[in-house]
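J.: Just passing along the structure, written as structure tokens.
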């Protein structure tokens, strides 16, 4: 029997279908779990994903109202027992506002408004994230140093903390498994490589145990190789170009290369490998 | 009369929806049903607050400029109340507690400042924040309950301000500072003074 993953949908969340599809592509059973379902059914799942969107229309702050929903209390209980939890974009905001990341229950971080030179508000583009050494189960199939092209699309994605140096401390402790990077190896990329001014260029922050990840880029939007930005370079772009060439030579057309596995599936593959190797939490 | 300081005058513009505010209604519902300190919350309103500081024209002209601009409010669905002196009343009703929430480092409005300069030839500072007005049922210490609801510290505590990225200040009706949005938290009356305290 395949492990079951709940794709948790609060009102205003709009990335549930493609997130479920990405989970199914790595061999998991995905089910969209809407906010009005009985809480008693929530514990039946092996893992949980909070997709992107605008839960409760981003009222008060992104993720702030959903973080108070009783389901998130159940989510915290499941996470404490080791169940994997992934929050993508708005889902990441929910996890941070709920104190599930960096963990411990206290709200230690914010995903604050983007800081971008000469502009403000919502910002969308493809970025590059580098995998850092960590216990995060979602990056467990990736070697440290691997670079993934992923898209971001948000107005509030800047990891920051009131306590000076707290984000750096968490990163040093291995709780920042994904960091924005530029074309080189720079540790502190500038805008637009760091698209929101996030401290320590953090793109994804996890709890100390590594089973809860708040991730601002959208891996589900990078599940198809053909979705990769034309401006992308590096191994994934080379793979896309090579696949495209083969498809064109075979007379299959551009679309034939489009549905091959893209870089974003690696995040879901980490979850699948974890669930395959462990008993139920 | 516009209240003057040595370095110019400050005017507050309070912007409120003419209709029910869905954001405030959602917040009220969540606070009442899920936060212990919110069970006695009877009403919640949300106003956008602008503070204009510098060499300002007469009140009537300020009102006309704000009405005409698209950077401050939409007169078709919002109303604007000017407050130019600390002796003037404000939209905060008697019995309401006001919680001001300001994005740390993001309170200035460069676009509005550029528009004002273009229209008037005067360079002014425009700052903005969000004012939540809380009305509690009688009994209990309203200011203390407002303070508890203001700052989010966990899933069951606080909502309006995430102190990791925002600053807040509290005031009761009749004691509303002018200016209220300082250039730094330490200058904000009723605001968080030290790192780590709110």
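Protein chains in written order, with the numbering used here: chain X, 106 to 386; chain U, 575 to 772. Beta carbons: idealized from backbone N, C-alpha and C, even for Gly. It should be emphasised that the depicted structure is a prediction, and the values quoted were computed from it without experimental measurement.
By a C-beta neighbour count over all protein chains shown, 10 Å radius and 16 as the cutoff for buried, is residue 161 of chain X buried or exposed?
T.: Counted from its first residue, the first chain places residue 161 of chain X at position 56. Classification for residue 161 of chain X: buried.
J.: Tell me the DSSP secondary structure of residue 150 of chain X in three-state form.
T.: In the first chain, residue 150 of chain X corresponds to position 45, counting from 1. Residue 150 of chain X falls in the coil class under three-state DSSP.
J.: With 9 Å set as the bound, which would you pick, yes or no: does the beta-carbon of residue 373 of chain X sit closer than that to a beta-carbon of chain U?
T.: Position 268 of the first chain, counted from the start, is the residue given in the question as residue 373 of chain X. Not an interface residue.
J.: Which chain X residues sit within Cβ distance under 7 Å of residue 644 of chain U?
T.: Taking the first residue of the second chain as position 1, residue 644 of chain U is located at position 70. Result: empty, since nearest Cβ-Cβ is about 15 Å, beyond 7 Å.
J.: Using 8 Å for Cβ pairs, my map puts residue 315 of chain X next to residue 240 of chain X. What's the rounded Cβ distance?
T.: Here the question's residue 315 of chain X lines up with position 210 in the first chain. Here the question's residue 240 of chain X lines up with position 135 in the first chain. That pair is a contact at about 3 Å.
J.: For residue 601 of chain U and chain X, any beta-carbon pair shorter than 9 Å?
T.: The count along the second chain starts at 1 and reaches residue 601 of chain U at position 27. It does; some Cβ of chain X falls within 9 Å.
J.: Verify whether the separation of the beta carbon atoms of residue 625 of chain U and residue 727 of chain U is less than 9 Å.
T.: As a working mapping, residue 625 of chain U is identified with position 51 in the second chain. As a working mapping, residue 727 of chain U is identified with position 153 in the second chain. Not a contact, by the Cβ cut-off of 9 Å.
J.: Do you know offhand how far residue 231 of chain X's Cα is from residue 198 of chain X's?
T.: Taking the first chain and counting its residues from 1, one reaches residue 231 of chain X at position 126. Taking the first chain and counting its residues from 1, one reaches residue 198 of chain X at position 93. The alpha-carbon atoms of residue 231 of chain X and residue 198 of chain X are separated by roughly 20 Å.
J.: Between residue 594 of chain U and chain X, is there a C-beta pair that is closer than 9 Å?
T.: Taking the second chain and counting its residues from 1, the one referred to as residue 594 of chain U is at position 20. Closer than 9 Å: no.
J.: Could you say which of U:723, U:586, U:740 lies nearest to residue 752 of chain U if we only look at CA atoms?
T.: In the second chain, counting from the first residue as 1, residue 752 of chain U sits at position 178. Of the candidates U:723, U:586, U:740, the one whose C-alpha sits nearest the C-alpha of residue 752 of chain U is U:586.
J.: Using only the alpha-carbon positions, how far apart do residue 225 of chain X and residue 258 of chain X sit?
T.: One-based indexing of the first chain puts residue 225 of chain X at position 120. One-based indexing of the first chain puts residue 258 of chain X at position 153. Cα to Cα, the separation comes out at about 13 Å.
J.: Quick one: is residue 248 of chain X buried, meaning 16 or more other Cβ sit within 10 Å of its Cβ, or exposed?
T.: Translated into the one-based positions of the first chain, residue 248 of chain X becomes position 143. The residue is exposed, with fewer than 16 neighbouring Cβ atoms inside 10 Å.
J.: Residue 202 of chain X lies in the alpha helix (DSSP H); which residues open and close that run?
T.: Here the question's residue 202 of chain X lines up with position 97 in the first chain. Run containing residue 202 of chain X: 195-202, per the alpha helix (DSSP H) assignment.
J.: Can you tell me whether residue 767 of chain U is buried or exposed, with buried defined as 16 or more other CB within 10 angstroms of its CB?
T.: In the second chain, counting from the first residue as 1, residue 767 of chain U sits at position 193. For residue 767 of chain U, the predicted model reports a pLDDT of 37, less than 50, meaning its position is unreliable and no value from the coordinates is stated.
J.: According to DSSP, what are the bridge partners of residue 128 of chain X?
T.: Walking along the first chain from the start, residue 128 of chain X turns up at place 23. According to DSSP, which records beta bridges pairwise, residue 128 of chain X is partnered with nothing at all.
J.: Strictly under 9 Å for the Cβ-Cβ distance: is residue 673 of chain U near chain X by that measure?
T.: For this step, residue 673 of chain U is matched to residue 99 along the second chain. Residue 673 of chain U does not count as touching chain X.
J.: Quick one: is residue 736 of chain U near chain X, going by C-beta distance under 9 Å?
T.: Taking the second chain and counting its residues from 1, one reaches residue 736 of chain U at position 162. With 9 Å as the cut-off, residue 736 of chain U counts as an interface residue toward chain X.
J.: Among X:151, X:337, X:310, which has the Cα closest to the Cα of residue 276 of chain X?
T.: Numbered from 1 along the first chain, position 171 holds the residue referred to as residue 276 of chain X. It is X:310 whose Cα lies nearest to the Cα of residue 276 of chain X.
J.: Which residues, taken in chain order from the stretch 699-731 of chain U, show a beta carbon closer than 7 Å to some beta carbon of chain X?
T.: 726, 727, 728, 729
J.: List the residues of chain U whose Cβ lies closer than 9 Å to the Cβ of residue 333 of chain X, in chain order.
T.: Here residue 333 of chain X refers to the residue found at position 228 of the first chain. Neighbours of residue 333 of chain X on chain U: none; closest Cβ ~32 Å, over 9 Å.
J.: What does residue 604 of chain U touch in chain C if you count any residue whose Cβ is under 7 Å from its own?
T.: Any reference to chain C falls outside this structure, whose protein chains are X and U.
J.: Helix, strand or coil: which one does DSSP assign to residue 744 of chain U?
T.: Against the second chain, residue 744 of chain U aligns to sequence position 170. Three-state DSSP puts residue 744 of chain U in a strand.
J.: What would DSSP say about residue 372 of chain X, mapped onto helix, strand or coil?
T.: Here the question's residue 372 of chain X lines up with position 267 in the first chain. The answer is helix: DSSP assigns residue 372 of chain X an H, G or I state.
J.: What residue does the beta strand (DSSP E) around residue 692 of chain U start on, and which one ends it?
T.: Residue numbering aside, residue 692 of chain U sits at position 118 when the second chain is read from its first letter. Taken as a continuous stretch (DSSP letters only), residue 692 of chain U belongs to no beta strand (DSSP E), being part of the alpha helix (DSSP H) at 684-694.
J.: Using CA coordinates, which residue listed in X:139, X:180, X:163 is at the minimum distance from residue 151 of chain X?
T.: Residue mapping note: residue 151 of chain X aligns to position 46 of the first chain, counting from 1. Ranking X:139, X:180, X:163 by Cα distance to residue 151 of chain X puts X:180 first.
J.: Between the Cα of residue 192 of chain X and those of X:172, X:217, X:327, X:210, spot the shortest distance and give me the residue it belongs to.
T.: On the first chain, position 87 is the one that residue 192 of chain X refers to. Considering only alpha carbons, the answer is X:172.
J.: Taking residue 183 of chain X as the reference, give the member of X:144, X:218, X:363 with the closest Cα.
T.: As a first step, residue 183 of chain X must be located in the first chain, where it is residue number 78. The residue with the shortest Cα to Cα distance from residue 183 of chain X is X:144.
J.: Report, in whole angstroms, the separation of the C-beta atoms of residue 695 of chain U and residue 614 of chain U, which I expect to be a contact under 8 Å.
T.: As a working mapping, residue 695 of chain U is identified with position 121 in the second chain. As a working mapping, residue 614 of chain U is identified with position 40 in the second chain. Residue 695 of chain U to residue 614 of chain U, Cβ: 51 Å. No contact.
J.: Ignore the nearest five residues each way along the sequence and tell me which others in residue 200 of chain X's own chain have a CB closer than 6 Å to its CB.
T.: Walking along the first chain from the start, residue 200 of chain X turns up at place 95. 192, 206, 319.
J.: Whose C-alpha, out of X:306, X:223, X:255, is nearest the C-alpha of residue 263 of chain X?
T.: Here residue 263 of chain X corresponds to residue number 158 of the first chain, with the count starting at 1. Taking only the C-alpha atoms, the option nearest residue 263 of chain X is X:306.
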